[in-house]
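Notes follow the structure.
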Amino acid sequence: MEPQTVNRLSDGLEIYWNDDLVCFYPYKYLRLQCACANCVEELTGKKLLNISEVSDDIIVVDYLIVGKYAIQLLWSDAHDSGIYPYLSLINFALNDEQAKCNNIKKLLEFVNSFSKDN
688 MEPQTVNRLS DGLEIYWNDD LVCFYPYKYL RLQCACANCV EELTGKKLLN ISEVSDDIIV
748 VDYLIVGKYA IQLLWSDAHD SGIYPYLSLI NFALNDEQAK CNNIKKLLEF VNSFSKDN
């Protein structure tokens, strides 16, 4: 399943996965989750991104849909190499209180349908 709508709000990214499932991701939280080679050491998985270097007022200035599996976020700090797979975004919502969805039941159904599709 792919996002139906992506909204850049003042404080975070709002993704409509379908009519019944909307998730919200605060910008700074998402920026700190970036797993690109500039932010995470490839071999060890050690985070390279210094949390103190990420501004509290960071925002997404644009985004690109990557194939049928991810979204690339373009940040106000000029960082643009991070790709966020849809399944990672859903896992953030399932496992972290900072990312929120309006309907946990639909979120779990989405996870189940996603794993069947892939």
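What the sequence shown shows, in the numbering used here, is residues 688 to 805, in sequence order.
Backbone N, C-alpha and C fix where the C-beta goes; we use that ideal spot for every residue, glycine too.
This structure is a prediction, so every number in the text was calculated from the model and none was measured.
By Cβ distance, which residues of its chain are closer than 7 Å to residue i, with the 5 residues on each side in sequence left out?
{"i": "residue 757", "result": "770, 771, 772 and 773"}
{"i": "residue 715", "result": "741, 743 and 745"}
{"i": "residue 691", "result": "703, 704 and 705"}
Starting from residue i, follow its DSSP beta bridges and name the residues at the other end.
{"i": "residue 705", "result": "708"}
{"i": "residue 691", "result": "Answer is none; residue 691 lacks a bridge partner."}
{"i": "residue 770", "result": "759"}
{"i": "residue 787", "result": "711"}
Tell me which same chain residues have a C-beta within less than 6 Å of the C-beta of residue i, skipping the five on either side of it?
{"i": "residue 726", "result": "735 and 736"}
{"i": "residue 723", "result": "768 and 769"}
{"i": "residue 694", "result": "701"}
{"i": "residue 763", "result": "745, 746 and 748"}
Grab me the residues of residue i's own chain with a C-beta within less than 8 Å of its C-beta, minus the 5 sequence neighbours each way, in chain order.
{"i": "residue 698", "result": "713 and 714"}
Under DSSP, the alpha helix (DSSP H) around residue i begins and ends at which residues?
{"i": "residue 782", "result": "773-782"}
In chain order, what are the residue ranges of uninterrupted alpha helix (DSSP H) at least 4 long that sit wholly in the region 696-758? 714-719
Specify whether the region 704-711 and the region 771-790 touch according to this definition: at least 3 beta carbon pairs, one from each stretch, less than 8 Å apart. yes
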